[in-house]
Amino acid sequence: MTKIINIHTGKEKELMMFDCTICNCKFSEQEGGLQRGVIGMISISFCPTCFSGVLDMADYFRGTDEEEEE
477 MTKIINIHTG
487 KEKELMMFDC
497 TICNCKFSEQ
507 EGGLQRGVIG
517 MISISFCPTC
527 FSGVLDMADY
537 FRGTDEEEEE
């Protein structure tokens, strides 16, 4: 992963890390996923893998097929 360094001060920028609500892995904003969302009143964060899985599950239950999209 790349570091972000201020050229004027030489200080490295601290990357904010989030904990996935499903698998408890740590991920950064640069990796993607969903940071600080809510479902009803429950606050959630999804890593890129879990976020992709949740979207795939939603598409499955909505009944969207690849054939319909073409």
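Under our numbering, residues 477 to 546 are what the sequence shown spells out, in order. Even glycine gets a Cβ: it sits at the ideal position worked out from N, Cα and C.
Out of curiosity, what's the CA-to-CA distance linking residue i and residue j?
i: phenylalanine 527; j: arginine 538; result: 17 Å
i: phenylalanine 522; j: threonine 485; result: 34 Å
i: aspartate 535; j: threonine 525; result: 16 Å
i: methionine 533; j: glycine 509; result: 15 Å
i: cysteine 499; j: isoleucine 483; result: 37 Å
i: lysine 547; j: glycine 513; result: Given a span of 477 to 546 for the chain in the structure shown, any question on residue 547 remains unanswerable.
i: isoleucine 515; j: glycine 529; result: 16 Å
i: isoleucine 518; j: glutamine 511; result: 13 Å
Name, in chain order, the residues that DSSP records as bridge partners for residue i.
i: phenylalanine 527; result: Looking at the DSSP assignment, phenylalanine 527 forms no beta bridge with any residue, so it has no partner.
i: glutamate 488; result: Ile481
i: phenylalanine 494; result: Phe503
i: phenylalanine 522; result: Leu510
If the criterion is Cβ atoms closer than 8 Å, does the pair residue i and residue j meet it?
i: glutamate 505; j: methionine 492; result: yes
i: lysine 489; j: aspartate 495; result: no
Going by DSSP in three states, residue i sits in which element: helix, strand or coil?
i: methionine 517; result: coil
Since I believe residue j is in contact with residue i (beta carbons under 8 Å), could you give me their beta-carbon distance rounded to a whole number of angstroms?
i: threonine 497; j: isoleucine 520; result: 5 Å
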